[in-house]
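Written below as structure tokens is the structure these notes are about.
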Amino acid sequence: MGYAYPLDMSWSTEEMTMVVEFFHAVELAYEGGVDRADLMAAYRTFKEVVPSKMEEKQLGNAFEKVSSYNVYRTMQKAKATEAGRVTMP
512 MGYAYPLDMS WSTEEMTMVV EFFHAVELAY EGGVDRADLM AAYRTFKEVV
562 PSKMEEKQLG NAFEKVSSYN VYRTMQKAKA TEAGRVTMP
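For reference, each letter of the sequence shown is one residue, going 512 to 600 in my numbering.
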């Protein structure tokens with residue numbers, strides 16, 4: 512990983528950690544797979560910090576720009592599957 516996560520400097524350290532853990536789970540989906548339950552739990556805590564769909568989309572776009580990993584597609588796949596692991600191409 513040679514990039515910085517998109518973070519809001521007004522967030523607390525705990526909130527930043529929650530957001531970083533979610534982005535890390537998305538990374539894992541692309542880098543070999545992530546447990547679906549872990550990804551969904553990380554998303555739920557991410558939504559506690561970022562409840563707005565607009566802000567979620569902005570952060571997701573910023574994350575994709577630096578990492579090439581798509582948050583939206585990852586979560587769509589996670590929500591649509593019953594499998595225990597989420598793996599992105």
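Each residue gets a CB set at the ideal place from its N, CA and C atoms; glycine is no exception.
Three-state class that DSSP yields for residue 549 in the structure shown: helix
Just grab the DSSP bridge partners of residue 584 for me. Paired residues: none, contrary to the question.
Buried or exposed for residue 540, please, with buried defined as at least 16 other CB atoms from any protein chain shown within 10 angstroms of its CB. buried
Assumed close pair residue 529, residue 518 - CB separation to whole angstroms, cut-off 8 Å: In fact, because the Cβ distance is near 11 Å, the residues do not count as touching under 8 Å.
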